[in-house]
Amino acid sequence: MKDGKLADKLSRGARVFGALAVLTAVEWFAASWPAAVLWLAVIALAKTALIAEYFMHASQLVRPEEG
Amino acid sequence: MQHAAGKLAAHELHNARLGLWLFIVSEAALFSAFVAARYLNLGTARPEELNQLLGLAITTVLLLSSLTAYRAETCIAHGDRAGFLRNTLWTILLAGVFLAGVVVEWVEAFHYFPPSTRFGTSFFSLTGLHGLHVLSGAVLLVGVYLHGRRGRYGPGDYWPVEGVVKYWHFVDVAWVFIYPTLYLVG
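Protein chains in written order, with our numbering: chain A, 1 to 67; chain B, 68 to 253.
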């Protein structure tokens, strides 16, 4: 059986993936909105922030205990 | 430098992470130049013949591979070797599916907008550069998978896995910008 901490982290990964999937769906529709380039850039930056922080543990560089 | 037990000291791990992040930043600059070239050469124009469903499908596959890569790293960090091996294998398989999708995409693209056209130049250079990164990431994943099967890595001793997985996530981030740049803008 998985320990609680591992289960929590795996569950967090699934939630981040869910958010990325939703943003990708929004991106699909945003392509037809006015000022689409701007919206698409904002969505891409939001997806990057999610991946960098939760999947790549970017904050480990300044707080090594994170992750 | 690795110690006899294979573990890195805290300062060595910090330096290794910093070095990898600097490498990732330099790679991001390379991709940024290619993305910028697309806008400079074409503005926001794009051909109608782009296979939108295929683009969305391979984007989803790559996002899913980031989740399995994250799970692989998390599992080995907590001593779950079976979970690490299973998720690494899934990531490699998804990388294969992504690359197969790119091949299909290229076959179609050669027909509608070959590399000699303005959009084709951007399309083939961006997807080609990215595809090479996916391929190299998949080779590295196979390496950590094989080492993992032989009993290497464990809690506190998995820097090679962490490094490869971080690189894999970067490959995903690069596609996060390439996908709208090629398929959605315009």
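Heads up, the beta-carbon is just placed ideally off N, CA and C, and yes, glycines get one too.
> Is the Cβ of B:His197 closer than 8 Å to any Cβ of chain A?
Replying inline: No, B:His197 lies away from the interface with chain A (no Cβ there is under 8 Å from its Cβ).
> Per DSSP, B:Asp239 forms a beta bridge with which residues?
Replying inline: Paired residue(s): none; B:Asp239 is not in a bridge.
> What's the C-alpha gap between A:Ala31 and B:Leu156?
Replying inline: Between A:Ala31 and B:Leu156, the C-alpha separation is close to 34 Å.
> Expressed to the nearest angstrom, what Euclidean distance is found between the alpha-carbon atoms of A:Trp28 and B:Pro181?
Replying inline: Each residue's CA atom was taken as its position, placing A:Trp28 and B:Pro181 some 25 Å apart.
> What number of angstroms, rounded off, separates the C-alpha of A:Val22 from the C-alpha of B:Arg185?
Replying inline: One C-alpha to the other measures close to 32 Å.
>> Which of the three DSSP states is assigned to A:Asp8 in this structure?
In response: A:Asp8: helix per DSSP, three-state reduction.
> Assuming B:Val201 and B:Val231 make a contact with CB atoms under 8 Å, what is their CB distance in whole Å?
Replying inline: Rounded to the nearest angstrom, the Cβ distance from B:Val201 to B:Val231 is 13 Å, too far for a contact under 8 Å.
> When we look at the beta-carbon of B:Pro222 and count the other beta-carbons within 10 Å, is it buried (16 or more) or exposed?
Replying inline: Classification of B:Pro222: exposed, given that the 10 Å Cβ count is below 16.
> For A:Gly18, does the three-state DSSP call read helix, strand or coil?
Replying inline: If DSSP states are grouped into helix, strand and coil, A:Gly18 belongs with the helices.
> Beta-carbon separation of B:Trp226 and B:Leu80 under 8 Å?
Replying inline: B:Leu80 is positioned such that its CB atom lies closer than 8 Å to that of B:Trp226.
> Just the Cα atoms here: how many angstroms apart are B:Glu175 and B:Ser93?
Replying inline: So the alpha carbons of these two residues sit roughly 32 Å apart.
>> Using the Cβ count rule (16 or more neighbours within 10 Å means buried), how would you classify B:Val228?
In response: Counting the other Cβ atoms within 10 Å of the Cβ of B:Val228 gives 16 or more, which makes it buried.
>> Just verifying my parser: in three-state terms, what is the DSSP assignment at B:Gly110?
In response: If DSSP states are grouped into helix, strand and coil, B:Gly110 belongs with coil.
>> Determine, for A:Trp33, whether the minimum Cβ-Cβ distance to residues of chain B falls below 8 Å.
In response: Taking a beta-carbon distance threshold of 8 Å, A:Trp33 does not count as an interface residue toward chain B.
>> B:Ser132 and B:Ala162 - do their beta-carbons sit closer together than 8 Å?
In response: A contact, by the Cβ cut-off of 8 Å.
>> So, does the region 46 to 65 of chain A touch the region 9 to 17 of chain A, judging by three or more C-beta pairs under 8 Å?
In response: The region 46 to 65 of chain A is in contact with the region 9 to 17 of chain A.
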